[in-house]
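Participant:
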Amino acid sequence: MTYSIFSVVTNAFAGQKLWRPAWRDATPKPAYDVVIVGGGGHGLATAYYLAKVHGIRNVAVVEKGWIGSGNAGRNTTIIRSNYLLPGNIPFYEWSMKLWEGLEQELNYNAMVSQRSVLNLYHSDAQRDAYARRGNAMRLHGVDAELIDREQVRSMLPFLDFDNARFPIKGGLLQKRGGTARHDAVVWGYARAADRLGVDIVQNCEVTGFLRDGDRITGVETTQGPIRAAKVGISVAGSSSRVAALAGLRLPIESHVLQAFVSEGIKPLIPGVVTFGAGHFYISQSDKGGLVFGGDIDGYNSYAQRGNLAVVEDVCEGGMALMPAIGRMRILRSWGGIVDMSMDGSPIIDRSPLDGLYLNAGWCYGGFKATPAAGWCFAHTIARDEPHEFSAAYRLDRFVTGHLIDEKGVGAQPNLH
Amino acid sequence: MRIPCPYCGSRDVQEFSYLGDANLRRPDHEAPEAAFHDYVYLRDNPAGPHRELWYHGSGCRNWLVVTRNTVTHDIAGARFAKEPT
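Chains as they are written, first to last, in numbering that gives the first Met the number 0: chain A, 0 to 415; chain B, 0 to 84.
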């Protein structure tokens, strides 16, 4: 059923009995053209674009838990394309353009809200760095505005502008940035992919790969073997573990990233705001809770929970930026396991094994990339060549030295 | 998380800085480039016991090798990195 005002009205008169499950809970067939490992936003988007753009509909998405139970359900829902480096900007801008048309495309309300993303600067040097970033964005056709202190004050009068250590001097504003509803993105892609014939197989963990020499020919799962001409891995957070099943070592460490939600309050923060002197970002959900986060904990972890040192650090960042939130209570916090890559940028590429494709290394920026990652990964799988927007995200860039290091900190994953 | 520093005793993780996998060994300077690529970029990244380097910067300033489970955060032990294994 296509969702519209008519379906709502029809169901209202029919006692809400005409609704059908948004996707089939499929049992796996013996073989597919493509199997995608990982039923998160990226995996489901990949399956959707394989079917929609490339006409490959004999596709299964296998997920060890329920779809969206990993990082797709553990992020802070921010979407933006305010990157600096040439390999990154076209990719993230394509993602932003897909976000802008996503709800019409999927016939699903993903609650994409372009409420703006503002990165604050606190010194002259940081202003210059943001001016450079803004110029790089504008040269690529991305919207960016460098605004001064008084313009920030008119948007966010409650910030601590005269903080003795980190006074706020202005910010780099991307008005098209904002937030989306993370679960709805997963469900929307799942429903749209399912309608094109994609099988979504939940509670189906990959335990090994079927191979014929150096060629991957399918996956072993807890629901039995599934043969496939091509297998795509899209399991950020666990990429090393799944790749290890195929005998691959990756330039990735798994780290835990925490996020927090406060109790609900009346509308306070209009868009997404980031603190430039520490690592702290915050927005307000439509329910009223403040959604915020900061640094990763900084040590290898698969635990999906972090430690108090980072909780304290994040809250200190929040207090330095907006002391008004000091009396609020944190309602929930959680941790997600992120693929920290060696240069802070992702990998969308063929693997060294024929028939095996890799979408990994998203650090803590995978959510905003969901549509474009699916788009480009589907292209790579379908055509055996990189998409122009993800051509820089090669696995062998660590061999050739073509790193994409936005922060310039080198091969130290916990600093990206 | 608390780390049992062999010099200072059990201390909060906030006193330490993390470097990473303690099993990595720098290749000989005449080793092929591929060996340096492995050393600099590739990681086992295990889910389970992990030997890792921590620096007790707010304490005794020793480098430690800590054996920690990455799934549970349980720490099995810590010793000075300068001690021979």
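Heads up, the beta-carbon is just placed ideally off N, CA and C, and yes, glycines get one too. Keep in mind the model is a prediction, meaning the values are calculated, not measured.
Provide the residue span of the alpha helix (DSSP H) that contains Cys-4(B), from first to last.
Facilitator: Careful: Cys-4(B) lies outside any alpha helix (DSSP H), inside the beta strand (DSSP E) at 1-4.
Participant: What is the DSSP secondary structure of Lys-81(B), reduced to helix, strand or coil?
Facilitator: coil
Participant: Under a CB-based cut-off of 8 Å, is Ala-46(B) close to chain A?
Facilitator: Closer than 8 Å to the CB of Ala-46(B) there is at least one CB belonging to chain A.
Participant: If you compare alpha carbons, which of Asn-413(A), Val-234(A) and Gly-409(A) is closest to Val-39(B)?
Facilitator: Nearest in C-alpha terms to Val-39(B), of all of Asn-413(A), Val-234(A) and Gly-409(A), is Gly-409(A).
Participant: Please confirm if Thr-69(B) has its CB atom under 8 Å from at least one CB of chain E.
Facilitator: Absent here is chain E; the protein component of the structure consists of chains A and B.
Participant: Using a Cβ-Cβ cut-off of 8 Å (strictly less than) and excluding sequence neighbours within five positions of His-254(A), which residues of its own chain qualify?
Facilitator: When the five nearest sequence neighbours on each side are left out, the beta carbons in the same chain lying within less than 8 Å of the beta carbon of His-254(A) are those of Ile-295, Asp-296, Gly-297, Tyr-298, Asn-299, Ser-300, Ile-336, Val-337, Met-339, Pro-412 and Asn-413, in order along the chain.
Participant: For Pro-250(A), return the contacting residues in chain B, with the cut-off set at a CB-CB distance below 8 Å.
Facilitator: For Pro-250(A), the residues of chain B that pass the 8 Å Cβ criterion are Tyr-40, Leu-41 and Arg-42, in the order they occur in the chain.
Participant: According to DSSP, is Lys-96(A) part of a helix, a strand, or is it coil?
Facilitator: helix
Participant: Using only the alpha-carbon positions, how far apart do Ser-350(A) and Arg-214(A) sit?
Facilitator: 11 Å
Participant: Going by DSSP, what residues sit across from His-49(B) in a beta bridge?
Facilitator: Arg-67(B)
Participant: With distances taken from CA atoms, which of Arg-164(A), Ile-324(A), Gly-169(A) and Asn-162(A) is nearest Ser-153(A)?
Facilitator: Gly-169(A)
Participant: Would you mind telling me which residues of chain B sit closer than 9 Å to Glu-308(A), beta carbon to beta carbon, in chain order?
Facilitator: Sequence check: residue 308(A) is Ala here, not Glu. Those are Met-0, Asp-11, Val-12 and Gln-13, listed as they occur along chain B.
Participant: Buried or exposed for Arg-67(B), going by 16 or more other Cβ atoms inside 10 Å?
Facilitator: buried
Participant: Relative to the alpha-carbon of Ala-245(A), which residue among Val-116(A), Gly-317(A) and Leu-357(A) has its alpha-carbon at the smallest distance?
Facilitator: Leu-357(A)
Participant: Note down, one range per segment and in chain order, each beta strand (DSSP E) of at least 3 residues found wholly within the segment 112-139 of chain A.
Facilitator: 116-120
Participant: Out of Cys-314(A), Val-60(A) and Ala-319(A), which one is the CA nearest neighbour of Asn-162(A)?
Facilitator: Ala-319(A)
Participant: Report back the beta-carbon spacing between Ser-233(A) and Phe-366(A) to the nearest angstrom; my notes put them in contact at under 8 Å.
Facilitator: With 8 Å as the limit, Ser-233(A) and Phe-366(A) do not qualify as a contact, their Cβ atoms being about 14 Å apart.
Participant: Is there a C-beta anywhere in chain B that falls below 8 Å from the one on Ala-410(A)?
Facilitator: yes
Participant: CA-CA distance, Ile-66(A) and Gly-217(A)?
Facilitator: 21 Å
Participant: How many angstroms separate the CA atom of Ala-30(A) from the CA atom of Arg-226(A)?
Facilitator: In this structure, the straight-line span from the alpha carbon of Ala-30(A) to that of Arg-226(A) is close to 4 Å.
Participant: Is the Cβ of Tyr-363(A) closer than 8 Å to any Cβ of chain B?
Facilitator: no
Participant: Mind checking which residues open and close the beta strand (DSSP E) that includes Met-339(A)?
Facilitator: Annotation: the continuous beta strand (DSSP E) that includes Met-339(A) extends over 329-340.
Participant: DSSP on Tyr-17(B), reduced to helix/strand/coil?
Facilitator: strand
Participant: To the nearest angstrom, report how far apart Val-200(A) and Asp-24(A) are at their CA atoms.
Facilitator: 6 Å
Participant: Identify the continuous beta strand (DSSP E) that holds Gly-217(A) and give its terminal residues.
Facilitator: 214-220
Participant: Strictly under 8 Å for the Cβ-Cβ distance: is Tyr-301(A) near chain B by that measure?
Facilitator: yes
Participant: Is there a Cβ of chain A sitting closer than 8 Å to that of Tyr-17(B), yes or no?
Facilitator: yes
Participant: Quick one: which unbroken alpha helix (DSSP H) runs of 4-plus residues sit fully inside the segment 290-334 of chain A? Chain order, please.
Facilitator: 307-320
Participant: Can you name, in chain order, every residue of its own chain whose Cβ lies under 6 Å from the Cβ of Pro-83(B), other than the five neighbours on each side?
Facilitator: none
Participant: For a contact defined as C-beta to C-beta under 8 Å, what are the partners of His-36(B) on chain A?
Facilitator: Phe-397 and Val-398
Participant: If I'm right that Asn-118(A) touches Asn-81(A) with Cβ under 8 Å, what's the distance once you round it to whole angstroms?
Facilitator: 7 Å
Participant: Taking C-beta pairs closer than 9 Å, name the residues in chain B that Gly-64(A) reaches, listed in chain order.
Facilitator: Neighbours of Gly-64(A) on chain B: none; closest Cβ ~15 Å, over 9 Å.
Participant: At the 8 Å Cβ level, is His-49(B) part of the contact set with chain A, yes or no?
Facilitator: yes
Participant: Less than 8 Å between the beta carbons of Gln-222(A) and Pro-27(A), yes or no?
Facilitator: yes
Participant: Run through DSSP, which three-state label would Phe-274(A) get?
Facilitator: Strand at Phe-274(A).
Participant: Give me whichever residues DSSP pairs with Arg-148(A) in a beta bridge.
Facilitator: Beta-bridge pairing links Arg-148(A) to no other residue.
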